[in-house]
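Beneath this line is the structure, given in C-alpha cells, with notes to follow.
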Amino acid sequence: MQKIVSLFSLIALSMAIVGCSNTGVKPWERDILAQQEMNLISDPIESSLNDHIYFSKEASSGGQGFGGGGCGCN
Amino acid sequence: MAVTKTKQKNKELASLLTAASCALIGGLATNANAGNNSWDVDAAFLLYSETDSRVSAAEPVISATKNYDEETKLNIKIAADTLTGASPNGATPSDQIQTFTSPSGNGTYTAEANQQPLDDTFKDTRLALSANWSAPLSRDWAYGVGGYFSKEYDYQSLGVNGSLSRYFNQKNTTLTMGLNLSNDTLNPVGGVPTTLFQVPENTNNNEFSQRQDSDSKSLVDTVFGITQVINRKTIMQFNYGLSTSSGYLTDPYKIVSVIDDTAGANYGGNFQSNGRNLYLYENRPDSRLKQSLYWQTKYQLDNNDILDLSYRYMFDDWGINSHTIDAKYRFRFDKQYLEPQLRWYTQSKADFYHRYLNASGYTNNEFASADYRLGDLDTYTIGLKYGYQFADDTEFYTRVSLYHQESSGDQGYGKLTKQDLYPSLDAVILMIGYKF
C-alpha cells in the first residue's frame, strides 16, 4: 500500500512540477479540450447512475468526486 | 425592477418545468443551444435487473443546468428510484429448509434447502433532489456550493457541499479542494435491532419492544485534486479523497448464521439456540475512515476518437482495500458515436467479515457481518454505449452493460462445505437518455 501511495505522490509531484514548465497549451490551442466530450466527467448523469449502482453493490465509493451517502442501499 | 426580476425568474422556472415535463413524456424539445442563459436538460432512465429474480431497480433522472455564462452555472437534479426483489440476508444456505423472521417481526420468509437465503420483503422507493451552483470568484479562483436531500421510507439524507478551485499556469493546472457534509437518519422496518443478538421469532419478544425507532450517521468527505492539461489532446486528473463516517453504520436487515462446530451429526449445520436456528443481527464498527487515490486521463486520438482511462485505489480502517480500473473508448463518427466500456473492480474483505460464526466462539466477536459486499469480491462490467447527436445539439444515447460479481472466502467445514457459500451475481444495466 505504501508503495502505491508513494507512486501516486510521485505522479502528483511530477504533474505539479511539469505543470509549471512546458506542459499545457496556450489559450488559442484549447479547441479540442473545449469539446464537451473532453470534459473529465462528460456524462454526469451516466456517472451518477453508475456511482449509485456501484455504491450499493461494492464497499468502495468516491474517488472522482465525493464518496457519497444519501442512500440506504449500503 | 424587482417585478422584472421576478417575472424573469418565473419565466426561467416555467422553462425548466416545461423542459422537465417534455422529458417525462418523452417529447422532443428542440431548444438546444448551449449558449448563454439557456437551460441544458439531460433526462435519463436506468433499468437494473439481477438474474435469479433478485433486485431490480428503475430510476428516472432529470438534470437541468442553467448556463449564465461559460463558468457560471446552476444545476438542479431530481431522481427517483424504485427497488423490488430479494436481497441476500447474510445467512448461509443449508441442507434444511430455513425460516427467517421478516424485518418487521410480523411475518416469516423461507429459504429452500441448498438455496441462498434471500429476504424478499425488500422493497423501496427513493426520491432525491440536489442543487449546485458554480461560479468564478476572480480570474484565478472559482467556487461551487450545493446541497441535496433524499428520502426513502426507511432512510433520509441531507447534505451540503462546497468546493474551491485555483487556476495556475494559464489555466493549465487547477487545484481543487472539496468538502461534503451529510447527515443520514435510518428508520428501519421493525426498529433498530440489537446487534449480535438472536433474531427473535416475532414481535412478542422483548427484543422488539426494546428497540429504538431510528438511528443516524454522519459523513464528512474531503477531496483534494489536481487537474493538468498535458497537451492539446490530453487532460489528466489526480485526486486524494478522505472520507469519515460515524454513527450507525450497521445494516439493520443483515444477519449472520452461527454454525455448529461440535463433532457429531450436525457438524457444519446450523447451531440451535432456544429451539431454533441461531441467527444474529450483524454489527459493524461505529466509525469508518476511507482514503482514496484517483487518477484519470482523457486523450483524443488523431482520428478524433477519445480514450478515457481511470484507476482508483481505496483503503479504509475496516481492512478493506480495493482497486478499480475503468476504460472507455469512444469511436466518433459524423453524428454518432459508439463507446465500448470495461470496468474491473477487486476488494479485500473487512476484518470483521465472517461468512458465518462458530458456535464455540461466537460470543467473543465484537463485530461481525456476513454481508458479501464486505467480503472478498471481484466485479466486472462490460458495456456498450451508442449516441446520436442531432444537428441542433440535442443528443440521444443508450447503453447496455452486463455486471458480474464473484465472491470468495472461507469454505466452512462438515455439512457447510456442500453449500455454495459464495454464489455469483449477474445483472443487466440498461440506460436510455436524451440531452436537449
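Sequences listed follow chains A and B, in order.
Just so we're aligned, residue 1401 is where the first sequence starts under this note's numbering, counting upward by one.
Just so we're aligned, residue 54 is where the second sequence starts under this note's numbering, counting upward by one.
Cβ atoms here follow ideal geometry from the backbone N, Cα and C, with glycine treated the same way.
These numbers were taken from a predicted model, which means no experiment stands behind them.
Checklist entry - Along the chain, where does the alpha helix (DSSP H) that runs through S267 (chain B) open and close? => result S267 (chain B): not part of any alpha helix (DSSP H); DSSP gives it neither H nor E.
Next on the checklist: Taking beta-carbon pairs under 7 angstroms, can you tell me which members of the stretch 87 to 102 of chain B lie near chain A?
Outcome noted: Listed in sequence order: D95, A97, L99, Y101.
Item to check | Bounding residues of the beta strand (DSSP E) (the contiguous stretch that carries H457 (chain B)) | outcome: 448 to 461
Checklist entry - What residues from chain D crowd round Q290 (chain B), counting only those whose CB sits closer than 7 angstroms? => result Within the model displayed, chain D is absent; protein chains A and B are what it includes.
Checklist entry - How is the beta strand (DSSP E) around I373 (chain B) delimited, first residue to last? => result I373 (chain B) -> no beta strand (DSSP E), and no H or E assigned at all.
Checklist entry - Which residues of chain A have a Cβ atom closer than 8 angstroms to the Cβ of G294 (chain B), listed in chain order? => result The answer, in chain order, is G1462, G1463, F1466, G1467.
Checklist entry - What is the DSSP secondary structure of Q1436 (chain A), counted as helix, strand or coil? => result It is helical.
Checklist entry - Are the C-beta of M230 (chain B) and some C-beta of chain A separated by less than 8 angstroms? => result no
Item to check | Simplified DSSP state of S401 (chain B), which is helix, strand or coil | outcome: coil
Checklist entry - So is I359 (chain B) in contact with chain A if we call contact Cβ pairs under 8 angstroms? => result Output row for I359 (chain B): interface = yes.
Checklist entry - Going along the chain, which residues of its own chain have a beta-carbon closer than 6 angstroms to the beta-carbon of S493 (chain B), five neighbours each way excluded? => result Because residue 493 (chain B) is not part of the residues shown, which for chain B are 54 to 489, the question remains open.
Checklist entry - Can you tell me the Cα-Cα spacing of E123 (chain B) and Q464 (chain B), whole angstroms? => result Taking the straight line from one Cα to the other gives about 57 angstroms.
Item to check | Helix, strand or coil at E1458 (chain A) according to DSSP, with G and I counted as helix | outcome: coil
Next on the checklist: Using only CA atoms, which one of B:S210, B:G212, B:T227 lies nearest to S218 (chain B)?
Outcome noted: S218 (chain B) has its Cα closest to that of B:T227, out of B:S210, B:G212, B:T227.
Item to check | As assigned by DSSP and simplified to three states, the class of D1451 (chain A) | outcome: helix
Checklist entry - Under a CB-based cut-off of 8 angstroms, is V309 (chain B) close to chain A? => result No, V309 (chain B) lies away from the interface with chain A (no Cβ there is under 8 angstroms from its Cβ).
Next on the checklist: Taking DSSP's pairing of strands, which residues face E392 (chain B) in a bridge?
Outcome noted: B:K438
Item to check | Beta-carbon proximity of G143 (chain B) to V309 (chain B), cut-off 8 angstroms | outcome: yes
Checklist entry - Just checking, does the stretch 366 to 385 of chain B make contact with the stretch 323 to 334 of chain B on the three C-beta pairs under 8 angstroms criterion? => result no
Next on the checklist: Assuming K488 (chain B) and E448 (chain B) are in contact, meaning their beta carbons sit under 8 angstroms apart, how far apart are those beta carbons, in whole angstroms?
Outcome noted: Right, the Cβ-Cβ distance comes to about 4 angstroms (below 8 angstroms), so this counts as a contact.
Next on the checklist: Using a Cβ-Cβ cutoff of less than 7 angstroms, which residues in the same chain neighbour N411 (chain B) once the five nearest sequence positions on both sides are dropped?
Outcome noted: I312, D314
Checklist entry - In chain order, which continuous runs of the alpha helix (DSSP H) of length 4 or greater are located wholly inside the stretch 105 to 139 of chain B? => result Entirely contained in the stretch 105 to 139 of chain B, not one alpha helix (DSSP H) run reaches 4 residues.
Checklist entry - Using the rule of at least 16 other Cβ atoms within 10 Å of the residue's Cβ for burial, across every protein chain shown, is G243 (chain B) buried or exposed? => result buried
Item to check | Limits of the unbroken beta strand (DSSP E) element including I485 (chain B) | outcome: 478 to 488
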